[in-house]
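Asks:
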Amino acid sequence: MAKSTLSFVCQNCGAAFNRWQGKCESCGEWNTLAEEDTTGATSMPVSIRSKRRGRLFTLETLTGKSQEAPRLSSGMVELDRVTGGGFVRGSVLLVGGDPGIGKSTLLTQATSLMARAGHRVVYISGEEAVAQVRLRAERLGLADAPVQLAAETSVEDIVSTLSEGAVPRLIVIDSIQTMWTDTVESAPGTVTQVRASAQALIRFAKKSGAAIILVGHVTKDGQIAGPRVVEHMVDAVMSFEGEGSQQFRILRAVKNRFGPTDEIGVFEMTGLGLREVSNPSELFLSDRDLGSPGTAVFAGMEGTRPVLVELQALVAPTTLGTPRRAVVGWDSNRLSMVLAVLEAHCGVKLSGYDVYFNVAGGLRINEPAADLAAAAALVSSLCNAPLPTDAVYFGEISLSGAVRPVSLTSARLKEAAKLGFARAVLPESARGGDAGGDAGLTLGTVGGLTTLVADIAARGVKPTRDNGNSKSTAAEKSAAPARFKRQDG
Ligand code: TYD
Ligand code: MG
Numbered sequence: 007m008a009k010s011t012l013s014f015v016c017q018n019c020g021a022a023f024n025r026w027q028g029k030c031e032s033c034g035e036w037n038t039l040a041e042e043d044t045t046g047a048t049s050m051p052v053s054i055r056s057k058r059r060g061r062l063f064t065l066e067t068l069t070g071k072s073q074e075a076p077r078l079s080s081g082m083v084e085l086d087r088v089t090g091g092g093f094v095r096g097s098v099l100l101v102g103g104d105p106g107i108g109k110s111t112l113l114t115q116a117t118s119l120m121a122r123a124g125h126r127v128v129y130i131s132g133e134e135a136v137a138q139v140r141l142r143a144e145r146l147g148l149a150d151a152p153v154q155l156a157a158e159t160s161v162e163d164i165v166s167t168l169s170e171g172a173v174p175r176l177i178v179i180d181s182i183q184t185m186w187t188d189t190v191e192s193a194p195g196t197v198t199q200v201r202a203s204a205q206a207l208i209r210f211a212k213k214s215g216a217a218i219i220l221v222g223h224v225t226k227d228g229q230i231a232g233p234r235v236v237e238h239m240v241d242a243v244m245s246f247e248g249e250g251s252q253q254f255r256i257l258r259a260v261k262n263r264f265g266p267t268d269e270i271g272v273f274e275m276t277g278l279g280l281r282e283v284s285n286p287s288e289l290f291l292s293d294r295d296l297g298s299p300g301t302a303v304f305a306g307m308e309g310t311r312p313v314l315v316e317l318q319a320l321v322a323p324t325t326l327g328t329p330r331r332a333v334v335g336w337d338s339n340r341l342s343m344v345l346a347v348l349e350a351h352c353g354v355k356l357s358g359y360d361v362y363f364n365v366a367g368g369l370r371i372n373e374p375a376a377d378l379a380a381a382a383a384l385v386s387s388l389c390n391a392p393l394p395t396d397a398v399y400f401g402e403i404s405l406s407g408a409v410r411p412v413s414l415t416s417a418r419l420k421e422a423a424k425l426g427f428a429r430a431v432l433p434e435s436a437r438g439g440d441a442g443g444d445a446g447l448t449l450g451t452v453g454g455l456t457t458l459v460a461d462i463a464a465r466g467v468k469p470t471r472d473n474g475n476s477k478s479t480a481a482e483k484s485a486a487p488a489r490f491k492r493q494d495g
């Protein structure tokens with residue numbers, strides 16, 4: 007019998023220690039160490055293990071007949087977009103998300119559609135009873151789909167059962183935290199158990215060629231609970247996000263060995279399950295607050311798809327010693343940078359104001375191209391000057407206050423034109439390049455942030471400017487009514 011080795015494993019990062027301590031030295035988290043038996047994932051006696059001769063395998067060359075990864079479409083366009091065209095045979099995908107966000111719903115829908123298309127699809131639920139899964143399928147109108155269902159948590163039983171008969175094309179394990187394997191002693195949900203269970207399932211996927219989807223819970227700070235280690239083991243990690251109060255759900259690839267990581271899939275949660283949203287811009291702009299100061303429409307890109315979204319800013323006098331900066335949906339460092347550039351180069355004094363910033367619709371923006379739209383929204387709120395409702399903004403702001411061009415200008419402009427926008431405010435240098443000549447928009451170009459600030463201030467009802475700053479007067483002097491020129495082709 008193998009000697010059992012007890013050690014203390016951090017439930018956050020997986021680091022192991024010989025003795026208990028309050029703080030994990032590896033990740034710095036407090037109170038995350040739990041006692042676990044880390045004898046190893048095998049219960050084979052050491053005497054046999056050391057004598058056993060390894061199996062011989064053939065070594066391959068880089069050239070040669072390489073198999074194309076055959077993909078299996080899920081029947082949902084938005085899901086296929088994020089996976090990179092469907093599930094890859096023998097791959098393991100981890101889907102993370104907050105409880106109640108709709109992971110089980112999404113996977114019930116996908117498995118049902120695939121089963122209807124004639125594939126052998128297995129759904130193993132470790133959290134819900136078979137009757138509960140059936141109830142959900144009934145509610146979704148998918149109860150007739152030939153999905154094979156079970157409520158099981160033992161990995162050994164699952165692997166043995168699935169090894170019988172035809173290899174399933176897709177297996178859903180809902181969720182990996184409820185699985186346990188008897189090769190390790192720890193309780194289900196601990197790092198050692200989750201890691202060993204995931205390992206066994208990944209081995210089965212590689213051997214059999216079945217694609218496996220693991221559902222993973224997310225902790226308060228947005229990480230896949232405890233076993234971040236699982237993220238490294240699987241081929242792809244998707245996160246399913248959304249604001250609880252809103253109906254939009256966004257599926258985002260965090261890691262993908264077989265596809266892009268910048269694509270998003272957009273869904274809407276309805277009473278009858280998740281509806282795919284093929285034109286997200288329409289959704290994000292559906293209830294716009296037209297004509298009020300502090301909002302600007304950003305023409306962004308999510309992977310290969312242009313997405314228009316409203317950015318909202320509120321700049322209000324502060325009553326606190328240190329003004330508040332609150333951001334939802336954007337990087338707070340990026341906001342600080344834009345505020346600093348506005349202050350340093352455009353004479354806009356913001357130290358006496360609280361700044362609240364929000365991206366409408368629960369979308370999260372990672373593109374630097376959002377800088378210009380964000381600055382426009384901020385200045386618009388500060389000057390109480392509504393921006394033209396038919397204009398979109400995009401461009402990256404540099405620390406010098408210059409507005410730099412961004413990629414895919416024409417795709418952004420075409421999407422704006424499609425949604426009925428009449429003008430675009432974009433970096434000066436973008437005009438000569440691939441600025442979508444046929445989009446039919448009026449292009450207003452800005453070379454520097456000062457120009458933008460002056461234009462917006464000129465529209466304002468009561469401009470709030472820092473009079474003591476000489477740069478501010480320079481900006482005011484250059485203030486001219488909107489610098490819009492009809493684009494010449
Ligand atoms: P669920 O898929 O169980 O979430 P998860 O597996 O991520 O924990 O979805 C739960 C929520 O979705 C629940 O609050 C109810 C809601 N819902 C709908 O609004 N419409 C539906 O058709 C379904 C099935 C669920
Ligand atoms: Mg669930």
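With my numbering applied, the sequence shown corresponds to residues 7 to 495, in that order.
The C-beta atom is built at its ideal place from N, Cα and C for all residues, glycine as well.
Computed from a predicted model, the values in this text were never measured in an experiment.
What residues match up with E402 in a beta bridge as DSSP calls it?
Replies: R410
Asks: Is K355 near the ligand MG - that is, is its Cβ less than 7 Å away from at least one heavy atom of it?
Replies: no
Asks: At the level of alpha carbons, what is the spacing between E402 and E84?
Replies: Between E402 and E84, the C-alpha separation is close to 29 Å.
Asks: Is the segment 312-329 in contact with the segment 287-294, if contact means three or more CB pairs nearer than 8 Å?
Replies: yes
Asks: Check whether the segment 352-368 and the segment 454-461 touch, using three or more Cβ-Cβ pairs below 8 Å as the test.
Replies: Of all C-beta pairs linking the segment 352-368 to the segment 454-461, three or more are shorter than 8 Å, placing the two stretches in contact.
Asks: Going by DSSP in three states, C19 sits in which element: helix, strand or coil?
Replies: coil
Asks: Establish whether the CB of A149 and some CB of chain C are separated by less than 8 Å.
Replies: Structure shown: chain C not included; a single protein chain is present.
Asks: Taking only three categories from DSSP, how would you classify P469?
Replies: Any answer about P469 is weak, because its pLDDT of 43 lies below 50 and its placement is not dependable; what the coordinates show is given next. The answer is coil: DSSP assigns P469 none of H, G, I, E or B.
Asks: Which term fits N262, buried or exposed, when burial requires 16 or more other beta carbons within 10 angstroms of its beta carbon?
Replies: buried
Asks: Could you name the residues of the same chain whose beta carbon sits closer than 8 Å to that of A441, not counting the 5 residues immediately before and after it, in chain order?
Replies: Here A441 scores only 49 on pLDDT, less than 50, and its place in the model should not be relied on; the value that follows carries that caveat. Here the set comprises T415, S416, L419, L432, L449 and Q493.
Asks: Name the two residues that bound the continuous alpha helix (DSSP H) containing V165.
Replies: V161 to S169
Asks: Answer yes or no: do A382 and Y399 have a C-beta to C-beta separation smaller than 8 Å?
Replies: yes
Asks: Using a 10 Å radius around the Cβ and a threshold of 16 neighbouring Cβ atoms, would you call S413 buried or exposed?
Replies: exposed
Asks: If I measure Cβ to Cβ from L112 and keep anything under 6 Å in the same chain, skipping five residues before and after, which residues do I get?
Replies: L280
Asks: Leaving out five residues on either side along the sequence, give the residues of the same chain with a beta carbon under 7 Å from the beta carbon of C19.
Replies: Excluding positions up to five away in sequence, the list reads C30, S32, C33 and R234.
Asks: Using the beta-carbon of each residue, find all residues closer than 6 Å to any heavy atom of the ligand TYD and list them in chain order.
Replies: G103, P105, G106, I107, G108, K109, S110, T111, R142, R145, L146, M275, G277, L278 and G279
Asks: Does DSSP put S13 in a helix, in a strand, or in coil?
Replies: strand
Asks: Looking at the structure shown, is E427 part of a helix, part of a strand, or coil, going by DSSP?
Replies: Contrary to the premise, residue 427 reads as Phe rather than Glu in this sequence. In the three-state reduction of the DSSP assignment, F427 falls in the coil class, being assigned neither a helical nor a strand state.
Asks: Can the beta-carbon of S387 be found closer than 8 Å to that of V303?
Replies: no
Asks: Assign H125 to one of three DSSP states: helix, strand, or coil.
Replies: coil
Asks: Please report the distance separating the alpha-carbon of G474 from that of S357.
Replies: Residue placement at G474 is poorly supported in this model, since its pLDDT is 40, which falls under 50; the coordinates are not used for a value here.
Asks: In the DSSP assignment, what are the bridge partners of T301?
Replies: Q318
Asks: What would DSSP say about N372, mapped onto helix, strand or coil?
Replies: coil
Asks: Using a threshold of 7 Å, is the CB atom of E247 nearer than that to any non-hydrogen atom of the ligand ATP?
Replies: Only the ligand TYD and the ligand MG can be found as ligands here, which leaves the ligand ATP out of the picture.
Asks: Count the other CB atoms within 10 Å of the CB of D86; is the residue buried (16 or more) or exposed (fewer)?
Replies: Result: buried.
Asks: Within the same chain, show all residues whose beta-carbon is closer than 8 Å to that of A408, passing over the 5 residues directly before and after it, in chain order.
Replies: Excluding residues within five positions, the ones whose Cβ falls inside 8 Å are G453, G454 and L455.
Asks: For V200 and Q183, I'd like the C-alpha separation in whole angstroms.
Replies: 6 Å
Asks: What does a CB cutoff of less than 6 Å around P195 pick up in its chain, not counting 5 residues either side in sequence?
Replies: Looking at the sequence provided, one finds Gly at residue 195 rather than Pro. Excluding positions up to five away in sequence, the list reads Q183.
Asks: What is the DSSP secondary structure of N339, reduced to helix, strand or coil?
Replies: helix
Asks: Should G158 be counted as a contact of the ligand MG given a C-beta to heavy atom distance under 7 Å?
Replies: Inspection of the sequence shows that residue 158 is occupied by Glu rather than by Gly. E158: no, Cβ never under 7 Å from the ligand MG.
Asks: Does the Cβ of E41 lie closer than 7 Å to at least one heavy atom of the ligand MG?
Replies: No; taking the cut-off as 7 Å, the Cβ of E41 has no heavy atom of the ligand MG nearer than that.
Asks: Could you give the residue range of the beta strand (DSSP E) that holds D104?
Replies: Element bounds for D104: n/a, residue is neither H nor E.
Asks: Cβ of S97 within 8 Å of Cβ of A242?
Replies: yes
Asks: Under the rule that 16 or more other beta-carbon atoms within 10 Å means buried, what is H238, buried or exposed?
Replies: H238 should be labelled exposed.
Asks: Bridge partners for P433 per DSSP, in chain order?
Replies: V452
Asks: Tell me whether M307 sits in a helix, a strand or coil according to DSSP, three-state version.
Replies: strand
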